[in-house]
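Below: the structure, in structure tokens.
In this note's numbering, the protein residues as written are 1 to 138.
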């Protein structure tokens, strides 16, 4: 007759094994999340087209046009309705160019204006944001 064999497990070893299993599962879940979230960039964010928003001023209005593709902001342009706008508001054109370049490059609206054009830049950024809200997929 054979001898009975007992397996002795230390509680410390059981805890270590369980901890490593949980950490391994978390690492695998994290890797899968990053792989799958990288693929979601192909999802449609905007309805392609050109969207506009007006800024009403004392001497007329300025229209900000934002052109988007399914996933990207392609351009931000300023359309002046009258010739008086550049005369009375000389910073609008340069602020719109700076914001447009930044938004197209960075694909976000976190532009920080300089101290001289903060009000003008704020108006342009608000118009860009309104245009992007129109473009978003519901």
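Beta carbons are placed, not taken as given, at the ideal position from N, Cα and C, and that holds for glycine.
Nearest residue (CA-CA) to residue i, options the options
i	options	result
residue 132	79, 18, 48, 4	48
residue 97	76, 84, 130	76
residue 54	16, 20, 130, 13	130
residue 71	22, 30, 135, 80	135
Neighbourhood of residue i by C-beta distance below 6 Å, restricted to the same chain and skipping five residues each side
i	result
residue 50	65, 67
residue 95	117, 120, 121, 124
residue 69	48
residue 59	84, 88
residue 82	60
Burial state of residue i, where buried means 16 or more other Cβ atoms lie within 10 Å
i	result
residue 120	buried
residue 116	exposed
residue 102	buried
residue 36	exposed
residue 9	exposed
residue 62	buried
residue 32	exposed
residue 127	buried
Residues that DSSP places opposite residue i in a beta bridge
i	result
residue 120	Answer by DSSP bridge pairing: none, since residue 120 is not bridged.
residue 51	66
residue 73	68
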